[in-house]
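S.K.: Counting in our numbering, the final residue of the sequence shown is number 175, and the numbers go up one at a time with none missing.
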Amino acid sequence: MAIEKTLILCKADTVARGLTGEVLARFERRGYTIAAMKILVCDEARAKKHYAEHEGKPFFAGLVGYITSAPIVALVLEGSDAIEGARATIGATNPIKAGPGTIRGDYGQTIGRNLVHGSDSAESAAREIAIWFEPSEIFSRTNDLEQWLVSN
Ligand code: IDP
Ligand code: MG
């Protein structure tokens, strides 16, 4: 068990469909805390950087077009084994394979509109968080607690 941070994106379909609160509530109810959050329209450069591992795949252009098409909500979640845990709450990449009770299983129909992104490893989380947030924008409860323990 480790306290981890993970990068979550409520993609364009989530925000456009008014499901952002629904998605956030699921993570919060599970006990993860929001360490950082913003709404923005992502430019192409940032989208390509974020999805660099998929460059060259047939769906890459569509993916970049989709993520840059409308406002999205980017956030950092923090909690115990948050990277794997958030991925489990999100569900399988293709909503048709995502179980009921997961975000994609409950709200999604197609792989191209699967609502949410979640980092898939510690390395991805560190890389992706740095793409979306400045360190000064991240409010870690763990760090706060450690700071409090040190100064008391
Ligand atoms: P993940 O979001 O579950 O980590 P990845 O394999 O990393 O899934 O793919 C990133 C995103 O690219 C997916 O969430 C989905 O939106 C899109 N994607 C992946 N595979 C396909 C595909 O075969 N067709 C269309 N879009 C895809
Ligand atoms: Mg992925």
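All residues carry an ideal CB built from backbone N, CA and C; glycine is no exception.
1) If we ignore side chains and look at the alpha-carbon of each, how far apart do Ser-163 and Ala-58 end up?
2) Under three-state DSSP, which class holds Gly-102?
3) Kindly indicate which residue of Val-99, Thr-43, Val-38 has the alpha-carbon position closest to the one of Leu-30.
4) Exposed or buried, which one is Arg-52 when buried takes at least 16 other CB atoms within 10 Å?
5) Please say whether Glu-27 and Ala-7 have beta carbons closer to each other than 9 Å?
6) Following the continuous alpha helix (DSSP H) through Ala-148, name the residue where it begins and the one where it ends.
7) Identify the continuous beta strand (DSSP E) that holds Val-139 and give its terminal residues.
8) What residues match up with Lys-28 in a beta bridge as DSSP calls it?
9) Under 9 Å, Cβ to Cβ, is there at least one residue of chain B near Thr-125?
10) In angstroms, rounded to a whole number, what distance separates the CA positions of Glu-160 and Lys-80?
11) Since Arg-110 contacts Gly-141 with CB under 8 Å, what's their CB separation in whole angstroms?
12) Under DSSP, the beta strand (DSSP E) around Ile-161 begins and ends at which residues?
M.R.: On the basis of the data shown:
1) Each residue's CA atom was taken as its position, placing Ser-163 and Ala-58 some 5 Å apart.
2) Three-state DSSP puts Gly-102 in a strand.
3) Put simply, of Val-99, Thr-43, Val-38 the residue whose alpha carbon is nearest the alpha carbon of Leu-30 is Val-99.
4) Of the residues assessed, Arg-52 falls on the exposed side of the cut-off, its CB having fewer than 16 other CB atoms within 10 angstroms.
5) Nothing can be reported for residue 7, as the shown portion of the chain is limited to 24 through 175.
6) The continuous alpha helix (DSSP H) containing Ala-148 extends over residues 145-155.
7) For Val-139, the uninterrupted beta strand (DSSP E) run begins and ends at 139-141, by DSSP.
8) According to DSSP, Lys-28 bridges with Glu-101.
9) Absence of chain B from the displayed structure is noted, only one protein chain being present.
10) Taking the straight line from one Cα to the other gives about 33 Å.
11) At roughly 5 Å, the Cβ-Cβ gap stays under 8 Å, so Arg-110 and Gly-141 are in contact.
12) Neither: Ile-161 is in no beta strand (DSSP E) and is coded neither H nor E.
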